[in-house]
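Residue numbers (the numbering used here): 33 to 117.
As structure tokens, the structure follows; a few thoughts come after it.
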């Protein structure tokens, strides 16, 4: 399970603000902020073990999963993420 970390808000010029999550204190509310995410080691390990692919020709997920199992990959799990752009 991925644990949620505090959010760090930064100006586009690079000056940081105080804050974490919804309790960010802004010095100037009209400034543009950029949200940043810093991966934990657990997140990186999980991402390196995975694979991402796109199913073409509108194949059904159970059919694709059966073909992958037939090819010898019995421990692979397919998780549909939604439609393409």
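For every residue, glycine included, the Cβ atom is placed at its ideal position computed from N, Cα and C.
Predicted, not measured: the structure shown is a model, and the values here were computed from it.
Item, Value
"Quick check: what's the CA-CA separation for residue 89 versus residue 65?", "41 Å"
"So within the region 61 to 95, which uninterrupted beta strand (DSSP E) runs reach at least 3 residues, ignoring any that extend past its ends?", "65 to 68"
"Write down the C-beta distance between residue 113 and residue 100 rounded to the nearest angstrom, noting that I regard them as a contact closer than 8 Å.", "Actually they do not touch by this definition, with Cβ atoms about 16 Å apart."
"Considering only the beta carbon of each residue, do residue 97 and residue 110 sit closer than 8 Å?", "yes"
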